[in-house]
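Using the numbering used here, you'd call the opening residue of the sequence shown number 809 and step up by one each time.
The C-beta atom is built at its ideal place from N, Cα and C for all residues, glycine as well.
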Amino acid sequence: MAILSQEQVSLLTDYDADSTYSTAYHTLYANIRFSWNDEQLGPHTILFATPAAYPGYAGAAANVAIAAAQSNTPTILIDASLHTPGLQQRFGVVTSGGLSNLLAEEKLNAQTLALCLSETFVPNLRLLCAGTATVPSQEISRLLATRLPVVLAGLRQYLAESSSEQSLIIFNSAPVLASINTAQISSIVDQTFLLISSGRTSRTQAKRAQEQLERAHAKLTGIVMLDV
């Protein structure tokens, strides 16, 4: 378990590198990095999931992505919260495409994939926004089941071809109890971390979220306590 204090809604880059806030996220990333299987081929994939919504929950995924990039790990941060995206505004990027656009593509090619990845103000960090394609709620689960593995394979290849370093793909998603989509994502990533918000997440919510992820055969690696 890791415990992160202060306002998790703030980006890591807003703080001095020696601050307690910065140190907490770099320590969390280091612990995650130690748990990787270095013999695994290709980029490592992780999901940060929270039982229920609360303001700024996407900040944890964003800050771990920044910590990874600042540690010279080529990183792609994916906003898979398609109905309540927040990372595009947080990073101030302008894009005409994102995850929903890639999911809607019948034939995905490297050029389309590259066009949807946005450079950020953090070296080594690219953002795949939620996207601009309108996807009906009843279609999202089907597309995640059939198309997300294809998108993820494309992203793995993109990172493998663009860098010889071990790389990382991070998913930010909708709350576990609000959507089955998060459990679907958890089933195809290498590790899932459950975010628990002190004073906001109840024991019942945490237990139900854990059970839902386990039913999806998620590799639930740890719990991150956000002390707000």
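Residue 948 (DSSP reduced to helix, strand or coil): Against the sequence shown, residue 948 aligns to sequence position 140. Residue 948: helix per DSSP, three-state reduction.
Minimum C-alpha distance to residue 930 - residue among 911, 940, 923, 901: Here residue 930 refers to the residue found at position 122 of the sequence shown. It is 901 whose Cα lies nearest to the Cα of residue 930.
In chain order, what residues of the same chain lie with their CB nearer than 6 Å to the CB of residue 893, ignoring the 5 residues before and after it? By one-based count along the sequence shown, residue 893 stands at place 85. Counting only Cβ-Cβ distances below 6 Å, and skipping sequence neighbours, we find 887, 938.
Going by CA-CA distance only, name the one from 857, 966, 856 that's closest to residue 920. Taking the sequence shown and counting its residues from 1, the one referred to as residue 920 is at position 112. For the residues 857, 966, 856, the minimum Cα distance to residue 920 belongs to 966.
Between the C-alpha atoms of residue 1026 and residue 830, what's the straight-line distance to the nearest angstrom? What you label residue 1026 is simply residue 218 of the sequence shown in a count that begins at 1. What you label residue 830 is simply residue 22 of the sequence shown in a count that begins at 1. Answer to the nearest angstrom: the Cα atoms are 28 Å apart.
Proximity of residue 983 and residue 861 at Cβ, strictly below 7 Å: Your numbering for residue 983 matches position 175 in the sequence shown. Your numbering for residue 861 matches position 53 in the sequence shown. Taking 7 Å as the Cβ cut-off, residue 983 and residue 861 qualify as a contacting pair.
Who are the Cβ neighbours of residue 1018 in its own chain at under 6 Å, not counting the five residues just before and after it? One-based indexing of the sequence shown puts residue 1018 at position 210. Closer than 6 Å at Cβ, skipping near neighbours: no residue.
Please determine if the region 902-922 and the region 939-952 are in contact, where contact requires at least 3 C-beta pairs separated by less than 8 Å. yes
Looking at the strands, I want to know which residues DSSP matches up with residue 980. Numbered from 1 along the sequence shown, position 172 holds the residue referred to as residue 980. Residue 980 is bridged to 856, 887.
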